[in-house]
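Colleague: Below is a structure I'd like to ask you about.
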Amino acid sequence: MNKQIYLNLPVADLPKSIAFFKALGFADNPQFASDAGACVVLSDTIFVMLCTRDRFRDFTPKAICDTSVAVEMLINLHCDSREEVDSLVARALAAGGSSYDQPEDLGFMYSHSFVDPDGHGWGLFHMNAARAQG
12 MNKQIYLNLP
22 VADLPKSIAF
32 FKALGFADNP
42 QFASDAGACV
52 VLSDTIFVML
62 CTRDRFRDFT
72 PKAICDTSVA
82 VEMLINLHCD
92 SREEVDSLVA
102 RALAAGGSSY
112 DQPEDLGFMY
122 SHSFVDPDGH
132 GWGLFHMNAA
142 RAQG
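Note that my numbering numbers the sequence shown so that position 5 is 16, with each residue one more than the last.
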């Protein structure tokens with residue numbers, strides 16, 4: 012059985028966050044949509060649950076990280092090609108995201124990243140399996 016991953020992320024402006032991820036080319040799952048949240052489908056096994064801050068507080072007694080001054084986590088996503096990495100970063104920047112680094116080519120792995128409008132860091136990478144093994 013394939014495991015599925017559901018990442019719950021707090022967002023300040025739900026419609027803006029939904030629009031951001033749609034601009035990256037990801038679909039939403041209307042079965043999990045409400046005024047308090049939305050489900051973004053990254054793949055058959057990876058889903059991002061965008062939750063209003065009030066809804067997110069229902070899941071934890073801890074304070075929500077202020078991503079303008081601290082990093083809560085870094086989300087890394089494997090892409091099928093270098094071109095997909097570059098395309099997703101370009102679309103993220105055009106949709107209101109930002110980036111704090113430059114692309115990195117290690118020969119066996121190519122990576123770049125973006126930060127979504129809510130400050131969540133996304134690392135994108137493509138691994139060349141043949142070069143990694145060699």
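C-beta: ideal position from N, C-alpha, C; glycine also.
I'd like to check one pair, F31 with G107: are the Cβ atoms closer than 8 Å?
Modeller: Within the sequence shown, residue 107 is the residue found at index 96, counting from 1. Within the sequence shown, residue 31 is the residue found at index 20, counting from 1. Yes; because the gap between Cβ atoms is below 8 Å, this pair is in contact.
Colleague: Let me check understanding here. Comparing Cα to Cα, which of P128, N139, F125 and T63 lies closest to F119?
Modeller: Here residue 119 corresponds to residue number 108 of the sequence shown, with the count starting at 1. Among P128, N139, F125 and T63, the Cα nearest to that of F119 is on N139.
Colleague: Can the beta-carbon of L88 be found less than 8 Å from the beta-carbon of L135?
Modeller: Within the sequence shown, residue 88 is the residue found at index 77, counting from 1. Within the sequence shown, residue 135 is the residue found at index 124, counting from 1. For L88 and L135, yes; Cβs fall inside 8 Å.
Colleague: Please determine, among T71, S79, L53 and N19, the residue with the shortest C-alpha to C-alpha distance to K33.
Modeller: The residue given as residue 33 occupies position 22 in the sequence shown. Nearest of T71, S79, L53 and N19 to K33, Cα basis: L53.
Colleague: For A49 and R102, I'd like the C-alpha separation in whole angstroms.
Modeller: Taking the sequence shown and counting its residues from 1, one reaches residue 49 at position 38. Taking the sequence shown and counting its residues from 1, one reaches residue 102 at position 91. Distance between the alpha carbons of A49 and R102: 20 Å.
Colleague: The beta strand (DSSP E) that contains A49, what's its start and end?
Modeller: Counting from 1 along the sequence shown, the entry for residue 49 is found at position 38. Taken as a continuous stretch (DSSP letters only), the beta strand (DSSP E) holding A49 covers G48 to V52.
Colleague: So, are the CB atoms of S98 and H137 less than 8 Å apart?
Modeller: Walking along the sequence shown from the start, residue 98 turns up at place 87. Walking along the sequence shown from the start, residue 137 turns up at place 126. Not in contact: S98 and H137 (Cβ atoms no closer than 8 Å).
Colleague: Counting Cβ pairs closer than 8 Å, one from the stretch 34-45 and one from the stretch 77-86, do we hit at least three?
Modeller: They do not touch, by the three-pair rule.
Colleague: What is the residue span of the beta strand (DSSP E) that F136 lies within?
Modeller: Your numbering for residue 136 matches position 125 in the sequence shown. It spans G132 to M138 - the beta strand (DSSP E) in which F136 sits, taken as one unbroken run.
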